[in-house]
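So for the sequence shown, our numbering puts the first residue at 5; every next one is plus one. Beta carbons: idealized from backbone N, C-alpha and C, even for Gly. I have placed the structure first, in the form of structure tokens, so that the comments after it can refer back to it.
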Amino acid sequence: MVNPQITNLVIILGMMQVSKKIPFDDPQVLMGVRALYIVSNLIIFAVYFYTGMQIKKKKDLTTLKYLEPAQAGSGEEPKLVTTTIMEYDQQQLQAAYKQQMMGVGMMAFMHLYLKYTNPLIIQSIIPLKGVFEGNIAKVHIFGKPAVGELKRPWKAAGGFMGMGGGEVKTDKASIEQAERAGRGGAKEE
């Protein structure tokens, strides 16, 4: 399977070339591109809404324990998190909503204030593609079993240049050690 980051790069480079040939001076073309961006975001929010309904419908109350890594450079110990599959998926969905809203806000600033139009096309495709490649969609929309790479907790996408926090630990020994040390462990309500 092709790496999603590679396909994103190919799409971005291709769409940059295509967008150079689009006459954004024409008000009808500009409105068409804006409509494409709005429809793309409406589809994304509809997919997230449907995913949320699926999570509530499944109501998986299986307990999930994992060690959440401390932020890089903070010097803190990893925090033990005890939750349910349903709560975990709802948190992931909420984070996805938040990320999409931030993207819309940045695009609105770039387009309305800075008058950039070319990113509208790219931002109509890449986030939509990302929604369907996300773990939450794979499990709740496409019905793939939550095993292997899709086993919760999901690996967070690395930050800039792959420099995120540490790795989420789910092994029994690490969890028992954190429980004995008293780091977290209270179920979040």
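- Cβ contact annotation for residue 25 (same chain, cutoff 7 Å, sequence separation greater than five): none.
- In this structure the region 72–89 does not touch the region 39–53; the number of beta carbon pairs closer than 8 Å is below three.
- Rounded to the nearest whole angstrom, the CA to CA distance from residue 98 to residue 7 is 25 Å.
- Note that the C-beta distance between residue 111 and residue 123 is below 9 Å.
- Within the region 11–71, the complete alpha helix (DSSP H) segments of 4 residues or longer fall at 31–62, listed in chain order.
- The beta carbons of residue 52 and residue 135 sit closer together than 9 Å.
- Assignment of residue 151 by DSSP, reduced to helix, strand and coil, places it in the coil class.
- When the five nearest sequence neighbours on each side are left out, no beta carbon in the same chain lies closer than 8 Å to the beta carbon of residue 177.
- For a cut-off of 8 Å, the C-beta gap from residue 82 to residue 68 is around 15 Å, too long to register as a contact.
- Residue 132 and residue 185 have their C-alpha atoms spaced approximately 43 Å apart.
- C-alpha of residue 108 to C-alpha of residue 139: approximately 21 Å in a straight line.
- In this structure, the beta-carbon distance from residue 28 to residue 22 does not fall below 9 Å.
- Around the beta carbon of residue 96, 16 or more other beta carbons sit within 10 angstroms, so the residue counts as buried.
- Residue nearest to residue 34 within the set 113, 120, 9, 160 is 120 (criterion: CA-CA distance).
- In chain order, 16, 19 place their CB closer than 6 Å to the CB of residue 126, counting only its own chain and leaving out the 5 sequence neighbours on each side.
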